[in-house]
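Peer 1: Those protein sequences? They're chains U and S, same order as listed.
The numbering of the first sequence is my numbering, which starts it at 18 and goes up by one.
The numbering of the second sequence is my numbering, which starts it at -9 and goes up by one.
The beta carbon of each residue, even a glycine, is placed where N, CA and C say it ideally should be.
This structure is a prediction, so every number in the text was calculated from the model and none was measured.
One structure, pasted below without further comment.
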Amino acid sequence: MEALDRGLFKGYQPGIFYDEMFSAPGSPRLHYAKLYQKLAGMELAQFEERRKLADLSFLLQGITFTVYSDGRGTERLFPFDLIPRILPQSEWRHIERGLAQRVMALNLFLQDVYGKQRIFKDRQISRSLVYSCPHFRREMIGVEVPRGIHTHICGIDLVRDSKTGEFYVLEDNARTPSGISYVLENRLVMTRTFPDAFQDYEVLPVDHYPAELSRILRSLSSHGDEEAQIVLLTPGIYNSAYFEHSFLAQQMGIELVEGRDLVVDGDVVFTKTIHGLKRVDVIYRRVDDEFLDGLSFRADSLLGVPGLMGAYRAGNVALANAVGNGVADDKAVYAYVPAFIRYYLGEDPILRSVDTYLCTRPADCAYVLDHLNELVVKAVGESGGYGMLMGPWASQAKIEEFRGAIAANPRNYIAQPVIPLSRVPSHNPATGGMAGRHVDLRPYCLYDGQKVTIVPGGLTRVALQPNSMVVNSSQGGGSKDTWVLRGEGAE
Amino acid sequence: MLSRIADSLFWLGRYIERAEYTARILDVNYHMLLEQSQQPYRLHWEPLIAMAGEQERFAQFYGEATAQTSFEFLAFRPENPSSIVECIAKARENARTIRDRISREMWEDINGLYHTVTRFDAAEEIATGPHRICETVKFGSHRFHGVTDATLPHDEGWEFLRVGWALERQEMTARLVDVQYHNLLDGPAHLGPPDKHQWMAVLKSVGAYEAYHRQYHSPIEPERVAEMLILHPQHPRSIRFSTAEVHSGLRAISGSHTGSYSNEADRLAGKALERLRYDTIDEIFKQGLHAYLNEVQQMSCAIGEAIATTYFYYRVAA
C-alpha cells in the first residue's frame, strides 16, 4: 500500500511481534482499517498538534503520579499515547467471560482459606504454601466479611502472546489495583482531542465505573440505608496514586480521608468533623494491609487507624477490598488458579495462565537456575514491576544477584518464560511518526457477591521505550485509550 | 465537613491572599522607587521585607536590600516561606489535598496559576522588573475568587475559604499601614515631610487610590489615608471590612445569631468588629497608630488560633 510511504506510518514495520493494528505490513486488521485510513492521511505536524493538546490537558488537570526515586517525590505526567487499542466485540466477550470466572474462583478461594479451609483437606494446594505467603493474614481467619465478598475490585493483567495471538493472565491484582482513573480520563481527553476518530466506530462507554463501585460499597453497610457514611482512605498526597483516590472520591461523592481523619472508639470508626465525630460504615481503602492498623500490623505506620481491625472484626465497619487478599495474588499461588477454577466452579479455565516454575519445587528450581538468562523471575509478594528479573535483557551481575537470592530463599521466587507481548503503533519521539510498542491490558472487575461487572476495555499500558516489555508507570510506561467496539468494527 | 478539609480550605484562602498582597506591594513600590531614584528617598526597601515579617531570613541571604535583592527575595526565594512563588505553591498543595472537595474549575485554575508562576525564570524577571509576575499573581488571585464564587457551593467550605482570605487581608493591611506610617512619618527630619507620591503608593498598593478620590475629593492626607485603610466600611481591603467578612463567615459556620457567640473565634471576631465600627481616626491617632495596629495584628493571631482550636484540632478521643 502506498500509504506506508508517507505520513505517520512511513517506514512502519510490524516486525516479528503480533501487531494489534496490522496483520501484515501495510494490511490493517479489519477492526483497525477505518482508523488506519484516517491516520495515514494525516501530516506529522497535524498529529503533533493533537498530541501537544492532549499533554497540556493532562498537565492542567493535574493528572499526575508521583515517583519516589529522588526521595522527595516528583509529580510526573503518566504519558498518554494517542493511538487507541481496539478490541472487537467477539474478542472482548471471550475476555470478559474468562475474567468473571477467575474473579469468582478467587473470591471462593479467599472465603475458603480464611474460613473452612476445605481446599487443604482436598489437597488442591498445600497449607504450608498458602501460610507462607508474605501477604497471608492470620488475623483474618474466621472473620466473616460483609456479604462474603473479598475481591470487590480486581485489576487483572492480561497480555497477548505474539506466538499464539491468545490472551494470557499475567497477574490477578486482588489487593488495591490502581489505574481506573486513567481509563476514564484517557477517554475524556481522547474524545476532546481526537473527536473525528470516534466517528466511524461505536465505542462502548466506560464512565459508569464510579457509579457501579459506589453501588457495591453502599451495599456493604450493615445499616444498608441511604445514610451510610462511605469514605475512601488514602495514604495521602505523596502516594503515587493520589490523583486517582481524589478522582474516585469526587466521582462517587464520598469523603476522601487520611488515617488522621479517623478515630476508633469502642470498636466503631468515626471521622473527625468540624461539628464532632461522625460514624463510618464502609471504607474503600487504598492503604495496604500492613499499614492499616498500627495495633494489628506494622506499629510504625502513621497511614492507618489504630483499632481499625478490631472494628472490622466486630462487624462495625466494612473494608473493600477485604484484608488478606494478597494471598490470592501471590505469584506462587497464581500457578494454582486454574486448579481453583476447576475445584470451586467445576469449569475449565477460559483464559490461559502463563507456565510458572515454583522455586520451592526442586526440579523447577534447578531448571530456573540453569535458564536465568531466558526467564522472567519475580518475587512472589511484589507488584508494580519491582523485584523482577527480565533474563534476556539483564546484566550478568543482575543475574548473579538473583541466583544468590533464589538459592537463599526459594519460596520468595517464581519464574516464567518470557511472553513476547503484542504491539500497537505508538508515537515515536525520534521520528515524529509511528513505531510498534509493547502493550498489556488491565481490565477492572467489580464483584457484588452475585455477578462480576467489567467496564469494557480497561487500561492499556504501553512500554514507551523501544523493545522494552515493562509497561509499569513506575518503570517508564505510558497508557492508551482502549476501545471495545459494539460490533466487529468492519461494519 | 472533615476538620482537615476545613483547615486546608482556610489556608488555601490565606496563601492566595498573601501571594496577592505581596505582589501588590512589590509592584507598586518597585515602580515608585524607580521614579524617585534620583532623589534621596525615604521609602527604602527594608520596610517591604519588614512587612513580610522576614527581616532575619533576608539577612541570611543578602547584605543590602536593593531593588534586585528585595524582588528576588519577595517573589522567588524558596527559603522565604512568604515569597510569592512559595505561597502559590502552598495554596496549590492545600488545594491538591482537597481536590475532591473543591470544584474541578477551582483546581484547574490554581494548578494553572502554579505552573505559570513556577515557569517564570527568576533571573530574566529580575532583569525586566516585577510587573509581569505581579500582574499574573494579582489577576490570578482575582480569577480564583471569581471561579470559587461561581462554582463552589456557598456552604461551610466556602465560608472557611472566605474566613481564611479575609483574616489574612486584615492582618496584611494592618502591617502595611503600620510599616509605611512608621517609615514615612518617623523618618529622619532632614528629609522633610513625605511627598504625596508616597502616600499614593500606599493607596495604590491596596487598589484604593481611585476610591480615595471618590470618597474625599481632596488632596492626599496621611490621616485620611489611614482612615480609609482602617475604618472604611465598604472598601474591600480596609481592616474593618475584612474583619466584618471574618465575623460573618464564622457566624455562618457556627450558626450563632447577631449579638451572640457560640465559641471563642466568634467572640473575638465580634469584639474586634464592634471596636472598628465605633472607633474614629482621631481616637486612633490619640492612642498612637502603631499601638493600635499592633493590637489589630495581635487580634488577628488570636482569632486564627481560636479558629484552629475550635474547628481543626482534635484531642485524641477514646
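Compare the C-alpha of E108 of chain U against each of U:G474, U:G494 and U:N489 and name the closest.
Peer 2: Checking every option, the nearest Cα to that of E108 of chain U belongs to U:G474.
Peer 1: On a CA-only basis, which of U:P151, U:G343, U:D72 and U:G276 is nearest N190 of chain U? Give me that one, please.
Peer 2: Minimum Cα distance to N190 of chain U is reached at U:G343.
Peer 1: Can you find a CB in chain U that lies within less than 8 Å of the CB of W97 of chain S?
Peer 2: Output row for W97 of chain S: interface = yes.
Peer 1: Assuming R209 of chain U and V223 of chain U form a contact by the criterion Cβ under 8 Å, report the distance between their Cβ atoms to the nearest whole angstrom.
Peer 2: Wrong, their Cβ atoms sit about 15 Å apart, outside the cutoff.
Peer 1: What residue range is occupied by the uninterrupted beta strand (DSSP E) comprising Q141 of chain U?
Peer 2: Premise fails: Q141 of chain U is in no beta strand (DSSP E) and is neither H nor E.
Peer 1: Just curious, the alpha helix (DSSP H) that C376 of chain U is in, first and last residue?
Peer 2: First-last for C376 of chain U: undefined, no H or E at that position.
Peer 1: Quick check: what's the CA-CA separation for A328 of chain U versus D310 of chain U?
Peer 2: Distance between the alpha carbons of A328 of chain U and D310 of chain U is about 11 Å.
Peer 1: Please list, in chain order, the residues of the stretch 68 to 80 of chain U that have any C-beta partner in chain S closer than 8 Å.
Peer 2: Those residues of the stretch 68 to 80 of chain U that come within reach of chain S (Cβ to Cβ, closer than 8 Å) are L76, L77, Q78 and G79.
Peer 1: For P483 of chain U, count neighbouring C-beta atoms within 10 Å of its own C-beta (all shown protein chains included) and say buried if the count is 16 or more, exposed if not.
Peer 2: Exposed.
Peer 1: Is D36 of chain U helix, strand or coil by DSSP?
Peer 2: The answer is strand: DSSP assigns D36 of chain U an E or B state.
Peer 1: Whose C-alpha, out of S:E54, S:S60 and S:L157, is nearest the C-alpha of L263 of chain S?
Peer 2: The candidate whose alpha carbon is nearest that of L263 of chain S is S:L157.
Peer 1: Cα separation between T56 of chain S and Y20 of chain S?
Peer 2: Roughly 10 Å between the two C-alpha positions.
Peer 1: Could you check the C-alpha separation between I88 of chain S and G182 of chain U for me, to the nearest Å?
Peer 2: In a straight line, the C-alpha of I88 of chain S is about 45 Å away from that of G182 of chain U.
Peer 1: Comparing the C-beta of D90 of chain S with each C-beta of chain U, is any distance below 8 Å?
Peer 2: Chain U, which has a Cβ nearer than 8 Å to the Cβ of D90 of chain S, makes this yes.
Peer 1: So H187 of chain S packs on M22 of chain S, CB below 8 Å; how close in whole Å?
Peer 2: Sure, about 6 Å apart at Cβ, within 8 Å.
Peer 1: Does A(-4) of chain S have its Cβ less than 8 Å from a Cβ in chain U?
Peer 2: So, interface residue.
Peer 1: Taking S370 of chain U as the query, report the chain S residues whose CB atoms sit under 8 Å from its CB, ordered along the chain.
Peer 2: Under the 8 Å cutoff, chain S gives no residues; its nearest Cβ is about 37 Å from S370 of chain U.
Peer 1: When we look at the beta-carbon of T270 of chain S and count the other beta-carbons within 10 Å, is it buried (16 or more) or exposed?
Peer 2: It is exposed - the Cβ of T270 of chain S has fewer than 16 other Cβ atoms within 10 Å.
Peer 1: Between Q246 of chain U and chain B, is there a C-beta pair that is closer than 8 Å?
Peer 2: Protein chains U and S are contained in the structure displayed, whereas chain B is not.
Peer 1: For R277 of chain U, go through chain S and note every residue whose CB falls closer than 8 Å to its CB, in chain order.
Peer 2: R(-6), listed in chain order.
Peer 1: Label Q224 of chain S either buried or exposed according to how many other C-beta atoms from any shown protein chain fall within 10 Å of its C-beta, with 16 as the threshold for buried.
Peer 2: It is exposed - the Cβ of Q224 of chain S has fewer than 16 other Cβ atoms within 10 Å.
Peer 1: Would you tell me roughly how many angstroms separate the C-alpha atoms of S2 of chain U and Q134 of chain U, rounded to the nearest one?
Peer 2: What is shown of chain U runs 18 to 508, which leaves residue 2 of chain U out entirely.
Peer 1: Hey, is the stretch 330 to 344 of chain U in contact with the stretch 145 to 163 of chain U, meaning 3+ C-beta pairs nearer than 8 Å?
Peer 2: Taking 8 Å as the limit for Cβ pairs, the verdict is that the stretch 145 to 163 of chain U does touch the stretch 330 to 344 of chain U.
Peer 1: What are the residues in the stretch 246 to 271 of chain U lying within 7 Å of chain S by C-beta distance?
Peer 2: Result list: I254, S263, A266 and Q267.
Peer 1: Given a cut-off of 8 Å on the beta-carbon distance, is the pair F63 of chain S and F48 of chain S in contact?
Peer 2: Yes.
Peer 1: Give the single residue among U:M405, U:W410, U:S412 and U:G453 whose Cα lies nearest to the Cα of Y430 of chain U.
Peer 2: The shortest Cα separation from Y430 of chain U among U:M405, U:W410, U:S412 and U:G453 belongs to U:M405.
Peer 1: With a Cβ-Cβ cutoff of 8 Å, do L392 of chain U and A432 of chain U count as a contact?
Peer 2: A contact, by the Cβ cut-off of 8 Å.
Peer 1: Any beta-carbon of chain S closer than 8 Å to the one on V274 of chain U?
Peer 2: Interface residue, yes.
Peer 1: Use the C-beta contact count for A81 of chain S: other C-beta atoms within 10 angstroms, 16 or more gives buried, fewer gives exposed.
Peer 2: Its Cβ being crowded by 16 or more others within 10 Å, A81 of chain S is buried.
Peer 1: Looking at chain U, is there any beta carbon in it that lies within less than 8 Å of the beta carbon of Y5 of chain S?
Peer 2: Output row for Y5 of chain S: interface = no.
Peer 1: Hey, out of S:S246, S:T106 and S:I100, whose CA is closest to E133 of chain S's CA?
Peer 2: For the record, residue 133 of chain S in the displayed sequence is Arg; it is not Glu. Closest option to R133 of chain S, Cα to Cα, is S:I100.
Peer 1: Could you run through the stretch 99 to 114 of chain S and flag, in chain order, every residue whose CB is less than 8 Å away from some CB of chain U?
Peer 2: Going along the stretch 99 to 114 of chain S in chain order, one finds N101, G102 and H105 with a Cβ nearer than 8 Å to chain U.
Peer 1: Inspect the beta-carbon positions of A198 of chain S and Q287 of chain S and report whether they are closer than 8 Å.
Peer 2: No, these two residues do not count as a Cβ contact at 8 Å.
Peer 1: Y251 of chain S touches chain U at which residues, Cβ-Cβ below 7 Å?
Peer 2: Ordered by position in chain U, no residue passes the 7 Å Cβ test against Y251 of chain S, which lies about 16 Å from the chain.
Peer 1: Compute the Euclidean distance between the alpha carbons of R204 of chain S and L193 of chain S, then round it to the nearest angstrom.
Peer 2: Cα to Cα, the separation comes out at about 13 Å.
Peer 1: Less than 8 Å between CB atoms is the rule here; does T87 of chain S satisfy it with respect to chain U?
Peer 2: With 8 Å as the cut-off, T87 of chain S counts as an interface residue toward chain U.
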